[in-house]
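Trainee: Its first residue numbered 57, the sequence shown is counted upward by one per residue in my numbering. Each residue gets a CB set at the ideal place from its N, CA and C atoms; glycine is no exception. Bear in mind that the values here come from a model prediction, so they are computed numbers and not experimental data.
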Amino acid sequence: MRRVGVIGGGFVGLNVAVLAALRGFDVVVVDVKREVVEAINNNRPLVKDKFVEENWPHVKGRLRATTDYAELTGISRVVVAVNTPVKVQGRELVKMLESDEGSMDDYINFKPLEEAGKRLGEVVRSGLISSEVTIYPLGTVQRLAAPFVSVAGSAAEKVSFVHSPERINPEDPVWTVATINRVVGAMDEESLREGVRFYKEELGVPVAKATGMREAELSKIMENAQRFLNITFISSVRAAAGLTDIDFYEALEASATKPFGFSPFRPGYVGGPCLGKDTLMLYLWMRESNVSNSVSRLLRQALIANEYYLIFLSLRVAEQARRRGARKVLINGLGYKPGSRNFVAEDVNPPWRLRRELESLGLEVKVFDPNMPERSDFGSEEEARAWAELVVGWGREGDIRLERV
Numbered sequence: 057m058r059r060v061g062v063i064g065g066g067f068v069g070l071n072v073a074v075l076a077a078l079r080g081f082d083v084v085v086v087d088v089k090r091e092v093v094e095a096i097n098n099n100r101p102l103v104k105d106k107f108v109e110e111n112w113p114h115v116k117g118r119l120r121a122t123t124d125y126a127e128l129t130g131i132s133r134v135v136v137a138v139n140t141p142v143k144v145q146g147r148e149l150v151k152m153l154e155s156d157e158g159s160m161d162d163y164i165n166f167k168p169l170e171e172a173g174k175r176l177g178e179v180v181r182s183g184l185i186s187s188e189v190t191i192y193p194l195g196t197v198q199r200l201a202a203p204f205v206s207v208a209g210s211a212a213e214k215v216s217f218v219h220s221p222e223r224i225n226p227e228d229p230v231w232t233v234a235t236i237n238r239v240v241g242a243m244d245e246e247s248l249r250e251g252v253r254f255y256k257e258e259l260g261v262p263v264a265k266a267t268g269m270r271e272a273e274l275s276k277i278m279e280n281a282q283r284f285l286n287i288t289f290i291s292s293v294r295a296a297a298g299l300t301d302i303d304f305y306e307a308l309e310a311s312a313t314k315p316f317g318f319s320p321f322r323p324g325y326v327g328g329p330c331l332g333k334d335t336l337m338l339y340l341w342m343r344e345s346n347v348s349n350s351v352s353r354l355l356r357q358a359l360i361a362n363e364y365y366l367i368f369l370s371l372r373v374a375e376q377a378r379r380r381g382a383r384k385v386l387i388n389g390l391g392y393k394p395g396s397r398n399f400v401a402e403d404v405n406p407p408w409r410l411r412r413e414l415e416s417l418g419l420e421v422k423v424f425d426p427n428m429p430e431r432s433d434f435g436s437e438e439e440a441r442a443w444a445e446l447v448v449g450w451g452r453e454g455d456i457r458l459e460r461v
């Protein structure tokens, strides 16, 4: 019997679990949250994603979930896809960055990854362990592989470690977990061969080999930090233009007519679970590597500027409310991206963060999203609009659209 274990039943874990099941593996998903396990076993996964939803009818007989790591005993392929959330957000993050205080562990919560390594060390004695968790260079060995690795740095006998950072574009019908290139780096040549065989031959995805784990780890945080910097740049220009009578969006569209050398990133607060966290890890890794240059300072300032942009957005919405004489503000749409069906988490969810900022300005704020009834303050959009004096659309209709504030 061919089996794959997946640690983490969230967005990343369930995507790779479904892919493995489609490729003929029997898959065991381990998650510490009982509600996640029950949802998977009852064929009602909490993850809202096209790839998962469209393929679920074809894999539900090959995929089950548990909270018990012991059920991974004897499985020779284990993928780790747990979360490593940022511990601080908003004004607290700005304060820490401006004072440049705190270590990597003061900013990032690595306990889920470390716990996965500890628990795997109790049940896995051979095979391949692949980390799909985005992390700073050599963090996989330090945080996940530590229970398997001696002081001299040699891996435990018969256990191969690779790092293949997830690359999923949520809701993208073309670039899915099954089609996008996967970077694979490993502790040694034998592990690399095993990792490439797993992803390329067994899971059937295209692979880009990296020499080692550090190269694979750095590749991911560079990808996301570049995007973060570009969005923050555009957002900062947008904020500056807002102090003038310049039509920023007309200027942006004009720039986008250049057929080369310019990418029309859209302004906005960069929330979500990846871009800000990965940029923060890149900055902290550079700082802890005693690299202090214009680029490291730019990363730090971009992280600060992103938090200030959220304040800018809240002030612009509050200004619109004042002009209309509105006190009751409805945020219509709760995805972590405009139109997304995934909430992710309160601390990294832009409309939820905006809600808190607007409330601090004295406005009464309620929210609605038909895809998230458990988060919504109303049972229907009609009821929500009947209550509201100003509707802020986020990937949905509104008196003003947050994407273009």
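Can you tell me where the beta strand (DSSP E) holding Phe284 begins and where it ends?
Mentor: It is not in any beta strand (DSSP E) - Phe284 instead sits in the alpha helix (DSSP H) that spans Met269 to Ala297.
Trainee: Using the Cα positions of Glu258 and Ser396, report the straight-line distance between them to the nearest angstrom.
Mentor: Taking the straight line joining both Cα atoms gives about 31 Å.
Trainee: Distance, Cα to Cα, Asn362 vs Tyr163?
Mentor: Going from the Cα of Asn362 to the Cα of Tyr163 covers about 16 Å.
Trainee: Going straight from the alpha carbon of Gly64 to that of Leu355, what length do you get?
Mentor: Using only the alpha carbons, I get a separation of about 30 Å.
Trainee: Helix, strand or coil for Lys384, going by three-state DSSP, please let me know.
Mentor: Lys384 falls in the strand class under three-state DSSP.
Trainee: Between the alpha carbons of Val74 and Leu299, how many angstroms are there, rounded?
Mentor: Spanning the two alpha carbons is a distance of roughly 49 Å.
Trainee: DSSP state of Leu446, grouped into three classes?
Mentor: Strand at Leu446.
Trainee: Tell me which same chain residues have a C-beta within less than 6 Å of the C-beta of Val400, skipping the five on either side of it?
Mentor: Pro329 and Tyr392, listed in sequence order.
Trainee: Just tell me which of Met269, Leu338, Leu336 and Gly332 has its CA closest to the CA of Glu188.
Mentor: With distances taken between Cα atoms, Glu188 lies closest to Met269.
Trainee: If I follow the unbroken alpha helix (DSSP H) through Thr335, where does it start and stop?
Mentor: Here the alpha helix (DSSP H) through Thr335 covers Leu331 to Glu344.
Trainee: Since Val115 contacts Leu70 with CB under 8 Å, what's their CB separation in whole angstroms?
Mentor: Rounded, the Cβ-Cβ distance is 10 Å, inconsistent with contact.
Trainee: Work out the CA separation of Val461 and Lys422 for me, nearest whole Å.
Mentor: Rounded to the nearest angstrom, the two C-alpha atoms are 19 Å apart.
Trainee: Taking 8 Å as the limit between beta carbons, can you name the residues of its chain near Ser220, skipping five residues before and five after?
Mentor: Cβ within range, chain order: Ser186, Ser187, Glu188, Arg238, Val239, Val240, Gly241, Gly251, Tyr255 and Ala272.
Trainee: Which ranges would you report for the beta strand (DSSP E) in the region 137-195 if only whole runs of at least 3 residues count?
Mentor: Complete beta strand (DSSP E) runs here, min 3: 183-187.
Trainee: Quick one: Cα of Tyr192 to Cα of Ser432, how far?
Mentor: Whole-angstrom Cα-Cα distance: 36 Å.
Trainee: Answer with buried or exposed for Met278, where buried requires no fewer than 16 other C-beta atoms within 10 angstroms of its C-beta.
Mentor: Classification of Met278: exposed, given that the 10 Å Cβ count is below 16.
Trainee: Going along the chain, which residues of its own chain have a beta-carbon closer than 8 Å to the beta-carbon of Ser311, five neighbours each way excluded?
Mentor: Once the five neighbours on either side are set aside, the close Cβ partners of Ser311 are Phe318 and Pro320.
Trainee: Using 8 Å as the cut-off, can you tell me whether the region 171-187 makes contact with the region 143-155, which would need three or more C-beta pairs spanning the two stretches below that distance?
Mentor: Contact between the region 171-187 and the region 143-155 is absent, because fewer than three Cβ pairs lie under 8 Å.
Trainee: Excluding sequence positions up to five away, which residues of its chain have a Cβ less than 8 Å from the Cβ of Lys143?
Mentor: Here the set comprises Asp162, Tyr163, Ile164 and Asn165.
Trainee: Please report the distance separating the alpha-carbon of Ser352 from that of Arg343.
Mentor: Cα to Cα, the separation comes out at about 7 Å.
Trainee: Helix, strand or coil, according to DSSP, for Val233 in the structure here?
Mentor: Val233 falls in the coil class under three-state DSSP.
Trainee: Drop a sphere of 10 angstroms on the beta-carbon of Glu222, count the other beta-carbons inside from all chains shown, and report buried for 16 or more, exposed for fewer.
Mentor: Burial call: buried.
Trainee: Check whether the region 358-378 and the region 283-290 touch, using three or more Cβ-Cβ pairs below 8 Å as the test.
Mentor: A contact exists between the region 358-378 and the region 283-290.
Trainee: What's the C-alpha gap between Leu369 and Leu458?
Mentor: Straight-line Cα distance between these residues: approximately 8 Å.
Trainee: Please classify Phe316 as buried or exposed, where buried requires at least 16 neighbouring CB atoms within 10 angstroms.
Mentor: Flag for Phe316 reads exposed.
Trainee: Taking only three categories from DSSP, how would you classify Glu222?
Mentor: Correct three-state label for Glu222: coil.
Trainee: Measuring alpha carbon to alpha carbon, tell me which of Trp408, Tyr125 and Glu420 ends up nearest Arg378.
Mentor: Arg378 has its Cα closest to that of Glu420, out of Trp408, Tyr125 and Glu420.
Trainee: Give the secondary structure of Phe424 by DSSP, where H, G and I count as helix, E and B as strand, and everything else as coil.
Mentor: Here Phe424 sits in strand by DSSP.
Trainee: Based on Cα-Cα distance, which residue from Glu438, Asn97 and Gly66 lies nearest to Thr140?
Mentor: Of Glu438, Asn97 and Gly66, the residue nearest in Cα terms is Gly66.
Trainee: Excluding the 5 residues flanking Pro426 on each side, which residues of the same chain have their C-beta closer than 6 Å to its C-beta?
Mentor: There are no such residues.
Trainee: Check for me: the alpha helix (DSSP H) holding Lys106 runs from which residue to which?
Mentor: It spans Lys106 to Val115 - the alpha helix (DSSP H) in which Lys106 sits, taken as one unbroken run.
Trainee: Alpha carbon to alpha carbon, what distance is there between Gln357 and Ala211?
Mentor: Summary for Ala211: the model assigns pLDDT 49, below 50, so the residue's position carries little reliability, and this model does not support an answer.
Trainee: Can you name the start and end residues of the alpha helix (DSSP H) that Ala126 belongs to?
Mentor: Where Ala126 is concerned, there is no enclosing alpha helix (DSSP H), given that its DSSP letter is neither H nor E.
Trainee: From Gly209 to Ala234, what distance separates their C-alpha atoms?
Mentor: At Gly209, the pLDDT of 46 sits below 50, so the modelled position is not reliable; the number obtained from the coordinates is stated separately. Approximately 33 Å, taken between the alpha carbons.
Trainee: Distance, Cα to Cα, Val83 vs Asn280?
Mentor: Each residue's alpha carbon lies about 29 Å from the other.
Trainee: Is it right to say Ala444 is buried, meaning 16 or more other beta carbons lie within 10 angstroms of its own, or is it exposed?
Mentor: Looking at its Cβ environment, which holds 16 or more other Cβ atoms inside 10 Å, Ala444 is buried.
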